[in-house]
Each structure stands twice: as C-alpha cells, then as structure tokens.
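Report on the following structure.
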Amino acid sequence: MSGGEAAAVQNLVWVPKAQEIAREAGARLREFFAQGVETEYKGDVDLVTVADRTVEKLIRERLGEAFPEHGIYGEEGTRDRMEGEFRWYVDPLDGTTNFAHGFPQFCVSMGLEQRTPGMLPDEDGTLVAAVIYDPMRDELYTAERGQGATLNGRPMKVSRISHLAEALLSTGFPSRKRHASPNIHFYHEFTLRSHGVRRTGSAALDLAYVAAGRLEAFWEFNLNPWDTAAGILLVEEAGGKVTDFAGNPFRLDSREILASNGLIQDELVNLFKNMFAGRDLAPIPTPQEFAQRRTENRSKAEKGR
Ligand code: IPD
Ligand code: CA
Ligand code: CA
Numbered sequence: 018m019s020g021g022e023a024a025a026v027q028n029l030v031w032v033p034k035a036q037e038i039a040r041e042a043g044a045r046l047r048e049f050f051a052q053g054v055e056t057e058y059k060g061d062v063d064l065v066t067v068a069d070r071t072v073e074k075l076i077r078e079r080l081g082e083a084f085p086e087h088g089i090y091g092e093e094g095t096r097d098r099m100e101g102e103f104r105w106y107v108d109p110l111d112g113t114t115n116f117a118h119g120f121p122q123f124c125v126s127m128g129l130e131q132r133t134p135g136m137l138p139d140e141d142g143t144l145v146a147a148v149i150y151d152p153m154r155d156e157l158y159t160a161e162r163g164q165g166a167t168l169n170g171r172p173m174k175v176s177r178i179s180h181l182a183e184a185l186l187s188t189g190f191p192s193r194k195r196h197a198s199p200n201i202h203f204y205h206e207f208t209l210r211s212h213g214v215r216r217t218g219s220a221a222l223d224l225a226y227v228a229a230g231r232l233e234a235f236w237e238f239n240l241n242p243w244d245t246a247a248g249i250l251l252v253e254e255a256g257g258k259v260t261d262f263a264g265n266p267f268r269l270d271s272r273e274i275l276a277s278n279g280l281i282q283d284e285l286v287n288l289f290k291n292m293f294a295g296r297d298l299a300p301i302p303t304p305q306e307f308a309q310r311r312t313e314n315r316s317k318a319e320k321g322r
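Going by this note's numbering, the first residue of the sequence shown is number 18, and it counts up by one from there.
What follows is the structure, given as structure tokens:
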C-alpha cells in the first residue's frame, strides 16, 4: 500500500476519534465551569486554571491511546513524539480568561498536521484534520483536508458577503506584552469601515465562526499554532482563505493571521498595507479633545435655554 493510500484509509478515523476526545474534554470543561475554578497567572494577565491542565492531560492520554505514533504539541507544555509524521496541535481550553470569569465563550481545539520525513522544525507540513468543540453551545466543528467542513454534522460554508462595508469581523488582543501591540489602531479602522468588530476572547472559535459564515473575517497578532491549526483548516475547507497580513500563505509560526471568507481578503490586505505605511488612518479624538467638545456643547446648550 502506498503512503497516499495509507493516509486515505487512516483519514476515516482521525476526525471521529478526535471529536469523541473533544466532546469528553468539553464535558470536563463544563463541569469545571459549573463548579468554578481558582485562577493562576502565567504572565501579567495570562491566566491558567486547573481546567487547562487537567483537560490537556486528558487529551494527551486519549490521543496517545488512539494514535500511539502521533506527536502532540499542547499549550500547557505537552511535547510528545515531535519527530513523527503526524502532530496534533492542542489547545485544551481556548478562552481561559472568559472561562475564569464565568463568561461562556471558550472551546477545545485540536488540529492535525502531516509532516514529511526530514522536514526542518520550522517548516510547515499539511493540516489534514481539525476539530473544535464549543461545550456551552454543544457545537462541534470538524474538517478533513479535501473533504469540506461541518458544524454538528452539517456541511458548513463561509459567507458570501463581498464588501468590507457589510462585514462583521473579530479580533483579539494579546495577554503578554500588551503595551507593544498596535492592534487598537486596526480595531479602530476596521470598526469604522465595517458593520463592527467583535472581541470574543477565543481565537479558535473566531476562526470556526468565519468558517460557519457568522463572521466575514478575523485577524490577530502573535497567536500560537495551538490557537490556529484547527481553525485554519476549518476556514479553508469551508471555502475561505487564510494568509498573513501581507496576503502571503499562512505559516504556523507567522505570528499574524488574517482569515476571511476569501471574498474580502484582498480588501483587507490592502487596508493592512496602507495602514502599515501610515496611510488610511482616521484620527481618534483624544479624551481631552472630547472633554473640551463636551464642555463647549454644554455651554452652547445653556446659552440656548
Ligand atoms: C487566547 C484566546 C484569545 C486571544 C489570545 C489567546 P487562551 O488563548 O484565543 O482570544 O486573543 O491571544 O492567547 O490563552 O485563552 O488559550
Ligand atoms: Ca489559545
Ligand atoms: Ca489555552
């Protein structure tokens, strides 16, 4: 049997097994969420809870039993069999800050990469399978390379909106080195030019929402492969596009991601280009300017009485 045929046969098990594991992991997250958990700090405002660690351990055990030769790269430190042909990128709880505050927007994310033997560590293989599970809504997103994407078993497609002016977008802000992020400028500009920008606190779900046609696009600086691997395949298999901010092919270590329904990708890339060059920036009134205008308006109103 050739490698290709072996992969095709194997394909029949990756997603069903991973979705079973993601559902079990999600059920554990629901229990932790209901009972409430203590929060620790990994960085300034980078939170972690017992739920993140317990659920990564569970996924690690289950994947290890199901696919003993597959590697696992998890946010909470798992680095198993990193030399293998297959590697799961696992975020046991994407949206920890939401979770810790009782805000019900978070998920389990698992993306499978197939790597060619001899590849350098910083080279990307091919994303071949993806599962994201939202345990609070019981929504399961899956994709296999070349087989399309599904939401709770039904085929899922990106939206058909073709202009930024009619688009709903989402982004996120880093929990480390927040002061070094320029994203507030992009948030402002995209807000002015679209139907609005959501900031949901779960990058993996944002990507799943682009795939499901609930959002037209998502962007963020400095994400990690465990945040993005599964969501990228969902978006691509649902007919969308994922690149860096310059429109180049996305790489797992890109540190910048721009995902859309494909139809508004060029418009977004162009806006990023102009903004990075210092063009197209609408001024934001400073609080002081606003306060002055408010005082002026008040005194005009008083005179008019
Ligand atoms: C975070 C979420 C958030 C994004 C942060 C991520 P975590 O992941 O995806 O939406 O803005 O950059 O770190 O820490 O909750 O797994
Ligand atoms: Ca994450
Ligand atoms: Ca996480």
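Heads up, the beta-carbon is just placed ideally off N, CA and C, and yes, glycines get one too.
(request) Quick one: measure Cβ to Cβ for Tyr90 and Arg77, integer angstroms, because I've assumed they're closer than 8 Å. (result) That pair is no contact at about 10 Å.
(request) Mind the definition here: the segment 153-164 touches the segment 265-277 only if three or more C-beta pairs lie below 8 Å; say whether that holds. (result) no
(request) Could you tell me whether the Cβ atoms of Leu250 and Leu144 are closer together than 8 Å? (result) yes
(request) Using only the heavy atoms of ligand 1, determine whether one of them is closer than 7 Å to the beta carbon of Pro191. (result) yes
(request) To the nearest angstrom, report how far apart Lys74 and Phe84 are at their CA atoms. (result) 15 Å
(message) Three Cβ pairs or more, each shorter than 8 Å: is that satisfied between the segment 127-145 and the segment 235-254?
(response) yes
(request) Pick helix, strand or coil for Phe267, following the three-state DSSP scheme. (result) coil
(request) Could you tell me the distance, in whole angstroms, from the CA atom of Pro300 to the CA atom of Gln282? (result) 24 Å
(message) Can you list, in chain order, the residues of its chain with a C-beta nearer than 8 Å to that of Met136? Leave out the 5 residues immediately preceding and following it.
(response) Gly142
(message) Along the chain, where does the beta strand (DSSP E) containing Ser211 start, and where does it finish?
(response) Segment: none, Ser211 is in no beta strand (DSSP E) and carries neither H nor E.
(request) Anything with a beta carbon under 6 Å from a heavy atom of ligand 3 counts; list them all in chain order. (result) Asp69, Glu92, Asp108, Leu110, Asp111 and Thr113
(request) Could you say which of Arg296, Ser316 and Glu140 lies nearest to Asp270 if we only look at CA atoms? (result) Glu140
(request) Pull up the distance between the alpha-carbon of Ala39 and that of Val148, whole angstroms please. (result) 7 Å
(message) Taking its Cβ as the centre, do 16 or more other Cβ atoms sit within 10 Å of Phe235, making it buried, or is it exposed?
(response) buried
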